[in-house]
Structure formats: structure tokens, C-alpha cells
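Asks:
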Amino acid sequence: MCGIVGYTGSHEAAPILVGGLRRLEYRGYDSAGIATLDRAGLVVRRRAGRVRALEELLDTEPAPGACGISHTRWATHGPATDRNAHPHVGGRGGSPTVAVVHNGVIENHSALRRELEAQGFAFASQTDTEVIAHLIARELESTDDLFAAVQRALTRLEGTYGLGVVSPNRPGEVIGARFGSPLVVGLGEGEHLLASDPVAIAPHTARVAFLQDGEVVRLTPHDFEMRHMEHGPITPRVDRLDWKPDAVELGGHAHYMIKEIREQPETVVDACRGRLRRAEATAVFGGLNLSHRQLRRVRRVVFAACGTSWHAALVGEYLIERLAHLPVEVEYASEFRYRNAPLDDRTLVFVLSQSGETADTLGALREAKRRGHPTLAIVNTVGSSIAREADGGIYLHAGPEVGVASTKAFSAQVAVLALLALYLGRLRHLSFPDGLAVVDAIESVPALIGEVLKSEPLVERAASEIAGARNALYLGRDIHFPVALEGALKLKEISYIHAEGYPTAEMKHGPIALVDRETPCVFVAPRGSLHAKTLSNIEEVRAREGRIIAVGTEGDDAVAAISDVFLPIPDAPEVIQPLLAVVPLQLLAYHVALKRGCDIDKPRNLAKSVTVE
Ligand code: AGP
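Per the working numbering, numbering through the sequence shown is continuous, rising by one, with the last residue being 670.
Quick look at the structure:
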């Protein structure tokens, strides 16, 4: 998924535009480019490769001007080359009158390309985006109103877009448009910014206005005009990012992923802040928008999510079924949205998403709403599409998660789900003492995660056990099965080692055939009600010469004695153990990837926010 940044103000645009690309580079990165407007007109600089390659080009061929747009590309049409890099320009006869950056896919680009070529527009790239540039240029032949020209051109498009547009005919003006791909405006002092993700503009302003589908904006240093393509002028909805100013900086850490792993004690504090009510042994939420009576009527909960958020939802299933005795089903959002699952009016649907822009999760939300269900969101990004379209929900307050491999968002989601399970339980049958025990457990989590983080050197040494493997098995029972899945995903994502997560007992139904000295088996095995059974499973792997890495309760000599590597976590009640057990697995994936020389924050083929289906 591509990254977009726009700027208009009194400062030189290029450093702001390129700085924003650097913060978005995790989103999609096989080429980058910039277009600025200065007294001489339109300046365009583009390069295949990382943002660094564009910076090197700008060192020798600057892009002056206080207004412009920039882009990092995740190729959808045409390979990563200089010619296919954005911005793309439009106009006849080699005289560009417009430059465009685009995130999304234009389905009818071939027919439009043929129409435009027949009218004398020459194409220089293989991209669908260049079609948009020429469509706008064609409209500019009959008006110098760029805002109107863009809106007219958009009526010809079928597909999705997040757009940034500038024209030498309109100095100081940046046009933005959104349909299916996220776009946000940053409101500064005497300047306005545009971005596909607030991470790009957070150092410049905390005041943001997210565009919704069908909305277009016109930005100048002092003006901000918003319209809906069909309904006309709109008063912008301005949110305030609750991020610390340096939240998007590396802050001395080697990578965003390790920074965000280490931030998790604070992440859980922030996720729970103001939401625990010790005096009533329960939790409270400000944004569910459902009364206690409505919530007591609920007979079933459905979660829809993708990736790590789906794993967090699975932990939520165990927590809510255990504390609230409510049946929970966890669906892949991409399946839920097309499966036509039977839902009645006693079903509560939640979607979970860190970015709030995942296309499949947004699709699942819209499908649930279309069928009349109250649909809530557990989401991190304020003002994101999912946050805005849900009927209510719970913000994670985890701050920006930049690393592609999600870590602190998982912990924030699990913490919020523990609060939700407590809240729903106490609305039903969960006793005051049992509720208080959960409150105590949740309040202990930040300090306990801090204890686990101290074991990083041990995990770093354990990474050698896995770094050379081609396959790995991750195994966990009950509430630790989702933790095993999450540990396997972390390893896959950033070290490219094939890893599978399984319920531990399921190993005997096939996966044990994989066990040999070359295949590390990672057991999530803290003390708990199923501890003895897990011990037997570890012995079964040992009997087949399997290499065993176990995450277990410190002092648990029974597990330590039969493991090749033992990664201790503090003793804790089962309801919060996932928040502790996941940390060694996050660190393990990180250090294995380091040993393998992988690109931690920009893993191949992946993007942080999957805004296409
Ligand atoms: C997790 O490490 C991955 N980056 C990916 O699976 C991610 O969790 C998934 O794309 C969902 O993203 P969301 O939470 O922003 O919706």
C-alpha cells in the first residue's frame, strides 16, 4: 500500500515531504518521488528503490518550492522503475499541467488509457495512476479551477483512490481526494498537510481531519475547503491525535519493532487508563454507545479481524467465554464479509484493527451494519475509517505503531479485551471477588511485562536455535493457542522462516510428522490448569529428537528440565498470561530476523496497512 504526503505553507516543501515518506516507508516501498511548485513551475523527481535513493537524487537535483506532493510506491501495475514511480504528470505534448500521487487501484484504467491515447495524450508509464493525471489535465484545458477539474475527472474512475494533486496553474494549492484508500489532512499554523497515514504528519501537527469516501479537499497555506462529490460543502471534522510528539521517532532504538516491543508496559497502561473501576470490580468504556440493558440482551459475540488483530480476538474469545459465559466466534474479516453468516438481533459484532483502514475489516464492518447489527470497533487510529463508521467502540490509545510487524497493538488489544470480558462478566454473573481478582491481575501487567523484557539477552541467545531453521512449530493450549499463532506469525513476517501455530494437543494429528532435529518446537507452557498435559506433549517431541524452546513460568523446573531453551515469565493468573507469554515470542522473532540479516521494519512483500482486498 502506497504512502502519500502533501504540503503547502511557508517552509520549503521537499524536506517535509521526504521526511514524511521516511515515516511512511514501512507502508510500501519499491520507489519514491516528489513534485513541487516553485516560480519556475512544476519540478518532478522520482527514483526506483528506497527513499534514500530519492534523497540522493535531490542532493544533486533539488526540488524547490513551498508546495508539493510525494509518494512511496507498493507496485500494483508495472514493475518498480523510475518511469513507474509517482508522481505521474498529465498534459498533452510533453507540457505537464498536473502531477498526481495515488494509492489504490483503478479498475477501468485500460479503457480510459485507450480513450486518452486516441485524443493525443502520450503515456510514459505502465501505471493506472497516469490515467488520472491525463484525465485531470484534459479537464484543465477547459478550466483553471483545479478543484473542479479533479472532481470532474474522478467521476470517470472505477476503483479505489487516495490522491494528492498539484498543478503549476495553481501555485500553493494541494488537492486531495479519497475513495477506498485513507487520506488525512493536517492543520498547521499557516500551513496544511495531506497524508495517507497520520504518522507522516504527526511531527508537524496533532490536529487532523480524516477524509471519508467521496470527499475532496482543497488546501492552501491558509485555506482548507472540504466537499463531498455528491453532497457539496462539508464542515471538516477535526480530531486531535493523542500521540506524544516524539511518538513516531525511533528514539535511539535500532528499529521501530524493538522500540514498540519495549513500549508495551506503557502501552498497557495507556490502554487501561481510566477504564478500571476497583470500587465496583469492573471496567468502564466511554464509547460503546450501548446501555447495560442492551448488553445484557446480547447472546453471542462475533469478532472480525485480520492477522495479528485476529489473534488478539482469539484471546478475547477465551477471556469473554471464561469471564462472561458468552459464546464468541472469531472470523477472518475477509471470510466474514462474503460468508453471509447467520446473525440474529442478539449478536454483537466487533471489528478489531490497529490501523482502522484494513480493507477486509472495513468491509466486514460495512456488511454487519448493512444487515442492521450494532457494530463496534476496537481500533488504534483516531478518526480512521473503521473508527468513524462503527456505531461505537474502544480506542487502544497505543500511539502510532510504525513497525510492520504488529506488537504493542496486540498487547493493547488483548488488554482491552480483558477489560471488556471483565465488564461483560460483571454485567452478568461474575462475582465481586472474582471481578476484583481480574482488576488486580490487569493492574499488575505493566510491571510484569517489564520483568519479561529483562530476559531479552536470554532470548537473543535462544535465537540461534532457530536462525538456521527452515520450519518451526509453535504450540499452545487453551488461551495460549492464539499466542502460539501470534508467535508463528511474527517469525514468518520478519525472518521469512516458515512457522505454524497449532493447539498443542493437535500436534499428534499430523504436525508431529514434521518433528526432527532441524525443526524447533516452541511451546507456550506457563503454569496453569493444563500444565501436566503440556508436559506430556513436550516429552513426545523430545522422544523424536525435536529441539524444544519453552516459554514457561519462572521456577518451573519440570518444563525447564526437558527444554533445550527455557524462556521464563513471571507467575501470573491465566487471564493475563497471554500478555506476558507473547513478549518472548516477539523478541525471539526480532532477534532471529536480526541474525538472518532481514529488514526488520520493512519486511519484503508486506505493508503496514492492507488497504486493498
Ligand atoms: C501483523 O504483524 C501484520 N502486520 C498484519 O497481520 C496485521 O495485523 C493485519 O494486516 C491487520 O492489520 P490491522 O490491525 O491494522 O487491521
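Just so it is clear, CB atoms sit at the ideal spot from N, CA and C, and this is done for glycine as well. Just so you know, these numbers come straight off a predicted model, no measurement behind them.
From the DSSP output, in three-state form, read off N141 for me.
Replies: If you number the sequence shown from 1, residue 141 lands on position 84. The answer is coil: DSSP assigns N141 none of H, G, I, E or B.
Asks: How many angstroms separate the CA atom of G585 from the CA atom of V632?
Replies: Within the sequence shown, the letter at position 528 stands for residue 585. Within the sequence shown, the letter at position 575 stands for residue 632. Cα to Cα, the separation comes out at about 10 Å.
Asks: List the whole-angstrom C-beta distance separating V495 from L642, where the pair is believed to meet the contact cut-off of C-beta under 8 Å.
Replies: Indexing the sequence shown from 1 puts residue 495 at position 438. Indexing the sequence shown from 1 puts residue 642 at position 585. About 24 Å separates the two Cβ atoms, so there is no contact after all.
Asks: From what residue to what residue does the beta strand (DSSP E) around S88 run?
Replies: For this step, residue 88 is matched to residue 31 along the sequence shown. From DSSP, the beta strand (DSSP E) with S88 extends over 88 to 95.
Asks: What is the DSSP secondary structure of M314, reduced to helix, strand or coil?
Replies: What you label residue 314 is simply residue 257 of the sequence shown in a count that begins at 1. M314: helix per DSSP, three-state reduction.
Asks: Could you pull the start and end residues of the beta strand (DSSP E) that H349 belongs to?
Replies: Position 292 of the sequence shown, counted from the start, is the residue given in the question as residue 349. Segment 349 to 354 is the alpha helix (DSSP H) holding H349; no beta strand (DSSP E) there.
Asks: In three-state DSSP terms, what is T432?
Replies: Residue 432 sits at position 375 when you count from the first residue of the sequence shown. Of the three classes helix, strand and coil, the one that applies to T432 here is strand, per DSSP.
Asks: Do R80 and V305 have their C-beta atoms closer together than 9 Å?
Replies: Locating residue 80 in the sequence shown gives position 23, counting from the first residue. Locating residue 305 in the sequence shown gives position 248, counting from the first residue. Going by C-beta atoms, R80 is nearer than 9 Å to V305.
Asks: So the beta strand (DSSP E) G507 belongs to, where does it begin and stop?
Replies: Sequence index remark: in the sequence shown, residue 507 carries index 450 (1-based). Run containing G507: none in the beta strand (DSSP E); it sits in the alpha helix (DSSP H), 489 to 510.
Asks: I need the boundaries of the alpha helix (DSSP H) containing L81, first residue and last residue.
Replies: Taking the first residue of the sequence shown as position 1, residue 81 is located at position 24. Where L81 is concerned, the enclosing alpha helix (DSSP H) stretches over 70 to 81.
Asks: Hey, is the region 502 to 509 in contact with the region 532 to 541, meaning 3+ C-beta pairs nearer than 8 Å?
Replies: Segments in contact, no.
Asks: Are three or more beta carbon pairs between the region 651 to 667 and the region 545 to 558 nearer than 8 Å?
Replies: The region 651 to 667 vs the region 545 to 558: in contact.
Asks: Is E320 near the ligand AGP, in the sense that its beta carbon is under 8 Å from a heavy atom of that ligand?
Replies: Taking the first residue of the sequence shown as position 1, residue 320 is located at position 263. No, the beta carbon of E320 sits no closer than 8 Å to any heavy atom of the ligand AGP.
Asks: Would you mind stating whether F407 and L433 have Cβ atoms separated by less than 9 Å?
Replies: One-based indexing of the sequence shown puts residue 407 at position 350. One-based indexing of the sequence shown puts residue 433 at position 376. It is a contact, given that the beta carbons lie within the stated cut-off.
Asks: Express the C-alpha separation of E196 and Y375 in angstroms, rounding to a whole number.
Replies: Numbered from its first residue, the sequence shown carries residue 375 at position 318. Numbered from its first residue, the sequence shown carries residue 196 at position 139. Whole-angstrom Cα-Cα distance: 57 Å.
Asks: Which term fits G558, buried or exposed, when burial requires 16 or more other beta carbons within 10 angstroms of its beta carbon?
Replies: Looking up residue 558 in the sequence shown gives position 501. Result: buried.
Asks: Given that a residue counts as buried once 16 or more other Cβ atoms are within 10 Å of its Cβ, and exposed if not, what is E337?
Replies: Counted from its first residue, the sequence shown places residue 337 at position 280. By the neighbour-count rule (16 or more Cβ atoms within 10 Å), E337 is not buried but exposed.
Asks: Under 8 Å from any heavy atom of the ligand AGP, does the C-beta of K665 make it?
Replies: Taking the first residue of the sequence shown as position 1, residue 665 is located at position 608. Checking every heavy atom of the ligand AGP against the Cβ of K665, one is found closer than 8 Å.
Asks: Which term fits Q176, buried or exposed, when burial requires 16 or more other beta carbons within 10 angstroms of its beta carbon?
Replies: In the sequence shown, residue 176 corresponds to position 119, counting from 1. So Q176 ends up on the exposed side.
Asks: State the Cα-Cα distance for the pair L419 and L115, rounded to the nearest angstrom.
Replies: In the sequence shown, residue 419 corresponds to position 362, counting from 1. In the sequence shown, residue 115 corresponds to position 58, counting from 1. The straight-line gap from Cα to Cα measures roughly 38 Å.
Asks: Specify the secondary structure class of S521 as computed by DSSP and reduced to three states.
Replies: As a first step, residue 521 is located in the sequence shown; it is residue number 464 there, counting from the start. Three-state result, S521: helix.
Asks: Mark N397 as exposed unless 16 or more other C-beta atoms lie within 10 angstroms of its C-beta, in which case mark it buried.
Replies: The residue given as residue 397 occupies position 340 in the sequence shown. N397 should be labelled exposed.
Asks: Flag T365 as yes when its Cβ comes closer than 8 Å to any non-hydrogen atom of the ligand AGP, and as no otherwise.
Replies: Taking the sequence shown and counting its residues from 1, the one referred to as residue 365 is at position 308. Yes.
Asks: Return the bridge partner residues of A234 from the DSSP annotation.
Replies: Taking the first residue of the sequence shown as position 1, residue 234 is located at position 177. In DSSP, A234 forms a bridge with L220, V273.
Asks: Is it true that the region 455 to 472 meets the region 322 to 340, where meeting means three or more beta-carbon pairs spaced less than 8 Å apart?
Replies: Result yes; three or more Cβ-Cβ pairs closer than 8 Å.
Asks: Thinking C-beta only, is V188 closer than 9 Å to H166?
Replies: The count along the sequence shown starts at 1 and reaches residue 166 at position 109. The count along the sequence shown starts at 1 and reaches residue 188 at position 131. Contact flag set, yes.
Asks: Cβ of K659 within 8 Å of any heavy atom in the ligand AGP?
Replies: Indexing the sequence shown from 1 puts residue 659 at position 602. No, the ligand AGP has no heavy atom inside 8 Å of this Cβ.
Asks: Where do the ends of the alpha helix (DSSP H) carrying H166 lie?
Replies: One-based indexing of the sequence shown puts residue 166 at position 109. Element bounds for H166: 166 to 175.
Asks: Report the three-state DSSP secondary structure of C329 (helix, strand or coil).
Replies: The count along the sequence shown starts at 1 and reaches residue 329 at position 272. Residue state, collapsed to three classes: helix.
Asks: What residue ranges within the region 518 to 586 form continuous alpha helix (DSSP H) runs of no fewer than 4 residues, ordered along the chain?
Replies: Fully enclosed alpha helix (DSSP H) runs of 4 or longer: 538 to 552.
Asks: Closest by CA to L530, which one among I595, L347, H128?
Replies: As a first step, residue 530 is located in the sequence shown; it is residue number 473 there, counting from the start. With distances taken between Cα atoms, L530 lies closest to I595.
Asks: With a threshold of 6 Å on Cβ separation, who are the neighbours of P121 within its own chain once the five nearest residues in sequence on each side are excluded?
Replies: For the purposes of this step, residue 121 is identified with residue 64 of the sequence shown, where counting begins at 1. Result list for P121: D95, in chain order.
Asks: Pairing CB atoms from the region 272 to 285 with CB atoms from the region 226 to 237, are three or more of them under 8 Å?
Replies: Yes, the region 272 to 285 is in contact with the region 226 to 237.
Asks: Going by the CB atoms, is the gap between A629 and L637 shorter than 9 Å?
Replies: In the sequence shown, counting from the first residue as 1, residue 637 sits at position 580. In the sequence shown, counting from the first residue as 1, residue 629 sits at position 572. The answer is yes: Cβ separation under 9 Å.
Asks: Run the CB neighbour count on T438, radius 10 Å, all protein chains shown included, and call it buried at 16 or more, exposed below.
Replies: Walking along the sequence shown from the start, residue 438 turns up at place 381. Looking at its Cβ environment, which holds 16 or more other Cβ atoms inside 10 Å, T438 is buried.
Asks: Going straight from the alpha carbon of E670 to that of A361, what length do you get?
Replies: The residue you call residue 670 lines up with position 613 of the sequence shown. The residue you call residue 361 lines up with position 304 of the sequence shown. Roughly 15 Å separates the two Cα atoms.
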